[in-house]
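Okay, so here's the structure we're looking at.
Number of protein chains: 2
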Amino acid sequence: MDFIYKKLIEDELKELELSLNDSISSDIQLATEVSNYLVGSGGKRIRPALCILVAKALDYSGKDLIRLASSIELLHTATLIHDDVVDESLTRRGKESIHAKWDNAHGVLVGDFVYSKAFQLMASFENPEIIRTLADATNRISEGEVLQLTLKNQSILSEKDYFEVIDRKTAELFKVSAITAGILCSSTDTQLSGLSNFAKSLGIAFQIQDDILDYYGEEKLTGKKIGKDFEEGKFTLPIIIALKESTEENQNKLLSLFKKGEREDFPKVLALLNKANTLEKIEEVFHHYTKECMKELNHIPQNDYKIALEDIVSNLGSRLT
Amino acid sequence: MDFIYKKLIEDELKELELSLNDSISSDIQLATEVSNYLVGSGGKRIRPALCILVAKALDYSGKDLIRLASSIELLHTATLIHDDVVDESLTRRGKESIHAKWDNAHGVLVGDFVYSKAFQLMASFENPEIIRTLADATNRISEGEVLQLTLKNQSILSEKDYFEVIDRKTAELFKVSAITAGILCSSTDTQLSGLSNFAKSLGIAFQIQDDILDYYGEEKLTGKKIGKDFEEGKFTLPIIIALKESTEENQNKLLSLFKKGEREDFPKVLALLNKANTLEKIEEVFHHYTKECMKELNHIPQNDYKIALEDIVSNLGSRLT
Numbered sequence: 449m450d451f452i453y454k455k456l457i458e459d460e461l462k463e464l465e466l467s468l469n470d471s472i473s474s475d476i477q478l479a480t481e482v483s484n485y486l487v488g489s490g491g492k493r494i495r496p497a498l499c500i501l502v503a504k505a506l507d508y509s510g511k512d513l514i515r516l517a518s519s520i521e522l523l524h525t526a527t528l529i530h531d532d533v534v535d536e537s538l539t540r541r542g543k544e545s546i547h548a549k550w551d552n553a554h555g556v557l558v559g560d561f562v563y564s565k566a567f568q569l570m571a572s573f574e575n576p577e578i579i580r581t582l583a584d585a586t587n588r589i590s591e592g593e594v595l596q597l598t599l600k601n602q603s604i605l606s607e608k609d610y611f612e613v614i615d616r617k618t619a620e621l622f623k624v625s626a627i628t629a630g631i632l633c634s635s636t637d638t639q640l641s642g643l644s645n646f647a648k649s650l651g652i653a654f655q656i657q658d659d660i661l662d663y664y665g666e667e668k669l670t671g672k673k674i675g676k677d678f679e680e681g682k683f684t685l686p687i688i689i690a691l692k693e694s695t696e697e698n699q700n701k702l703l704s705l706f707k708k709g710e711r712e713d714f715p716k717v718l719a720l721l722n723k724a725n726t727l728e729k730i731e732e733v734f735h736h737y738t739k740e741c742m743k744e745l746n747h748i749p750q751n752d753y754k755i756a757l758e759d760i761v762s763n764l765g766s767r768l769t
Numbered sequence: 449m450d451f452i453y454k455k456l457i458e459d460e461l462k463e464l465e466l467s468l469n470d471s472i473s474s475d476i477q478l479a480t481e482v483s484n485y486l487v488g489s490g491g492k493r494i495r496p497a498l499c500i501l502v503a504k505a506l507d508y509s510g511k512d513l514i515r516l517a518s519s520i521e522l523l524h525t526a527t528l529i530h531d532d533v534v535d536e537s538l539t540r541r542g543k544e545s546i547h548a549k550w551d552n553a554h555g556v557l558v559g560d561f562v563y564s565k566a567f568q569l570m571a572s573f574e575n576p577e578i579i580r581t582l583a584d585a586t587n588r589i590s591e592g593e594v595l596q597l598t599l600k601n602q603s604i605l606s607e608k609d610y611f612e613v614i615d616r617k618t619a620e621l622f623k624v625s626a627i628t629a630g631i632l633c634s635s636t637d638t639q640l641s642g643l644s645n646f647a648k649s650l651g652i653a654f655q656i657q658d659d660i661l662d663y664y665g666e667e668k669l670t671g672k673k674i675g676k677d678f679e680e681g682k683f684t685l686p687i688i689i690a691l692k693e694s695t696e697e698n699q700n701k702l703l704s705l706f707k708k709g710e711r712e713d714f715p716k717v718l719a720l721l722n723k724a725n726t727l728e729k730i731e732e733v734f735h736h737y738t739k740e741c742m743k744e745l746n747h748i749p750q751n752d753y754k755i756a757l758e759d760i761v762s763n764l765g766s767r768l769t
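Residue numbers (our numbering), protein chains in the order written: chain A, 449 to 769; chain B, 449 to 769.
In structure tokens, the structure reads:
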């Protein structure tokens with residue numbers, strides 16, 4: 449099952465690709481080549497789609513939308529490039545990561561180049577509130593990255609810290625995609641607050657789904673390798689909940705397997721997760737956030753774009769159960 | 449001999465330190481700690497000083513100046529942090545580099561944090577021209593970094609490429625420091641163009657001086673280790689000029705020593721540079737740019753701040769001969 453939005457805003461998504469392509473073209477050939485390697489490789493474009501759908505749902509007809517959506521996608525891409533350098537990840541979007549295909553230096557500097565292109569787009573808006581909202585988000589995301597670094601050396605990540613990190617690293621850019629679209633449409637403060645709550649919950653649900661799929665997904669469906677978080681020693685919600693819900697004996701077993709991070713132990717880890725009913729518990733958390741999403745969508749008038757937004761929410765859930 | 453500006457704008461430079469300190473303070477303690485390690489360690493503050501002096505020379509009395517100067521210094525600091533990751537440099541401002549004291553991840557992510565703080569400051573200006581000028585500069589600087597990466601694998605760096613890189617990596621931020629100060633003061637286009645030429649030439653002279661001092665400086669005076677560029681295999685103007693001015697035999701000797709980059713060979717390299725009269729030739733180039741600086745300063749009315757700007761130019765030269 450595919451998302452409704454892909455058809456509904458097909459034209460805008462095509463314009464987005466052209467705009468992204470145009471934005472990263474530079475006199476410095478290497479900058480264009482390396483950034484296009486990742487920017488041109490697709491990805492779900494969920495953040496720009498969110499931005500476009502919200503603006504369309506609020507009846508926007510101006511000329512700034514694709515530029516706004518592009519700046520958000522470029523900001524997202526820049527963080528991915530630097531994330532891969534920091535995590536030493538070898539793959540991204542089914543290809544070698546920039547860091548792996550070239551080296552550290554290319555990852556750092558081309559990441560900076562893509563950031564700078566995002567900032568140039570941001571700086572092009574007439575409305576200073578849009579520029580400030582995007583700059584503040586950039587800062588909160590970057591703080592989230594540093595927070596994650598701080599928490600890396602802890603033996604266990606708390607649920608509170610997990611949510612603090614994903615609020616900054618994932619939910620923030622979702623939030624800003626919806627809020628800036630609202631600002632473009634001169635939304636009221638009540639509307640903006642509703643959009644913010646909606647997109648924040650969507651971002652959290654999106655991240656939780658991603659974390660669940662890393663343990664319970666099917667590689668064929670998701671295109672992603674299962675067990676990557678486990679192997680990289682990344683504390684995500686499945687492990688956090690399983691630890692909370694397990695007997696002390698199983699907690700110790702789980703922690704010891706998690707610390708080793710050996711692929712061959714993954715079935716044992718799954719068995720321990722199942723004993724603690726992890727999937728059920730985590731789906732409860734997930735559905736809490738998708739319900740929040742649906743509730744906050746009430747602020748948006750009924751139209752096809754709103755239906756597409758609801759579809760994103762329910763489509764996320766349908767991939768789980 | 450010290451720069452006049454340090455006394456003349458002492459109060460503003462103190463305010464700058466407070467503003468920098470304030471800007472990098474964050475809920476995320478590690479972000480503050482690591483960025484303060486470099487931001488708080490001084491440095492010449494030549495770019496913010498330039499910005500402050502130009503605005504004062506043009507009789508600025510508004511409230512935006514320190515914020516502007518801070519955003520420029522933070523942008524500069526962020527590039528230093530990422531430069532050190534990319535070059536794997538172990539020292540910066542006489543201390544261990546962030547990358548060396550912590551690790552790669554801290555360098556990349558705290559660099560991003562400092563960038564994001566620079567952008568937040570930039571985004572705070574009412575005048576969109578200032579925001580756009582700073583965003584464009586960020587992009588040109590980042591393109592310069594990628595260009596340098598492209599040129600790294602070439603066996604020889606041409607003089608043209610050398611100037612293209614320093615124009616982007618060094619002169620650009622000098623230029624923007626002066627131009628944005630001019631924009632704050634509602635300067636005419638002619639004035640802005642004069643400021644731009646002045647600061648660009650100053651940036652180039654500053655970089656050439658830095659490159660000369662790496663071969664001919666005294667560690668006691670500069671606080672920097674001599675021969676670092678040579679050991680790191682960095683093609684700078686002394687080597688480029690020496691190669692141009694040497695016999696074929698000496699060219700080959702020089703290139704072969706340069707490729708090895710052994711500290712013990714440094715005296716031999718200096719001897720080859722001397723045979724080609726490198727210092728004389730490079731000083732000609734240097735003085736071409738300082739003369740340009742002085743000429744372009746004619747656009748600025750005569751006052752103490754202008755004298756301090758002239759002093760920066762002549763002080764640069766006095767450290768050489």
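All C-beta atoms, glycine included, are put in the ideal place defined by N, C-alpha and C.
- When T480/B, E521/B, G488/B are compared, the shortest CA-CA separation from H554/B is found for T480/B.
- For K648/B, there are no C-beta contacts with chain A under 7 angstroms, since the nearest C-beta of that chain is about 18 angstroms from it.
- As computed with DSSP, R540/A is found in a beta bridge with K543/A.
- G592, E593, V594, L595, Q596, L597, T598, K600: these are the residues of the stretch 592–610 of chain A whose beta carbon lies less than 9 angstroms from some beta carbon of chain B, given in chain order.
- Cβ-Cβ distances below 7 angstroms link G491/B to R541 in the same chain, with the five nearest sequence neighbours on each side left out; the list follows chain order.
- Here L605/A carries a coil assignment [DSSP, helix/strand/coil].
- Within chain A, the residues placing a beta-carbon under 7 angstroms from that of D560/B are H530, S590, E593, ordered along the chain.
- In chain order, L597 make up the part of chain B whose C-beta sits under 7 angstroms from the C-beta of H554/A.
- Contacts with chain B (Cβ-Cβ distance below 9 angstroms) from the stretch 563–578 of chain A involve Y563, S564, K565, F567, Q568, L569, M570, A571, S572, F573, E574, P576, listed in chain order.
- One thing to note: A583/A has its Cβ no nearer than 7 angstroms to the Cβ of S519/A.
- By the rule that beta-carbons nearer than 7 angstroms mark a contact, N469/B does not touch chain A.
- Distances from the alpha-carbon of S634/A to those of Y485/A, Q602/A, D713/A, G510/A put G510/A closest.
- Within chain A, the residues placing a beta-carbon under 7 angstroms from that of N587/B are S564, K565, Q568, ordered along the chain.
- Between I514/A and D450/A, the alpha-carbon positions lie close to 22 angstroms from each other.
- Contact of I476/B with chain A is assigned, a C-beta pair being separated by under 7 angstroms.
- Counting other Cβ atoms within 10 Å of its Cβ, T586/B reaches 16 or more and is therefore classed as buried.
- Look at T636/A here: in three-state DSSP terms it is coil, with no helix or strand label.
- Counting along the chain, R493/B sits inside no alpha helix (DSSP H), nor does DSSP assign it H or E at all.
- Under the criterion of beta carbons closer than 8 angstroms, E607/A and I529/A do not qualify as touching, at roughly 29 angstroms.
- A direct Cα-to-Cα measurement between L703/B and E740/B gives close to 32 angstroms.
- The CB of D584/B comes closer than 7 angstroms to the CB of Q568 in chain A, given here in chain order.
- When the Cα atoms are used, E728/A and F683/A turn out to be separated by approximately 18 angstroms.
- If you look at G559/A, you'll find it in the alpha helix (DSSP H) that goes 552–571.
- Around R495/B, no beta-carbon contact reaches into chain A at under 8 angstroms, the shortest distance being about 18 angstroms.
- Annotation: A619/B has no Cβ neighbours in chain A at a cutoff of 7 angstroms; minimum Cβ distance is about 16 angstroms.
- Here E593/A has K617 as same chain residues with Cβ atoms under 7 angstroms from its own Cβ, once five neighbours each way along the sequence are excluded.
- In the displayed model, N698/B falls within a helix according to three-state DSSP.
- Against chain B, a Cβ distance below 9 angstroms from R580/A picks out Q568, A571, S572.
- A residue is called buried when at least 16 other Cβ atoms come within 10 angstroms of its Cβ; E577/A does not meet this threshold and is exposed.
- Residue-level contact check: A479/A touches chain B, since one or more beta carbons of chain B fall below 7 angstroms from its beta carbon.
- For V533/B, the nearest CB of chain A lies under 7 angstroms from its own CB, placing it at the interface with that chain.
- Contact between S489/B and I472/B is absent: CB atoms are separated by about 12 angstroms, not below the 8 angstroms threshold.
- When Cβ-Cβ separations below 7 angstroms define contact, L486/B makes no contact with chain A.
- Restricting attention to E679/B, Y664/B, E680/B, K673/B, the CA atom closest to the CA of P686/B is found in Y664/B.
- Short of 7 angstroms from the beta carbon of A517/A, and not among the five residues preceding or following it, lie these beta carbons of its own chain, in chain order: L464, P496, C499, I500.
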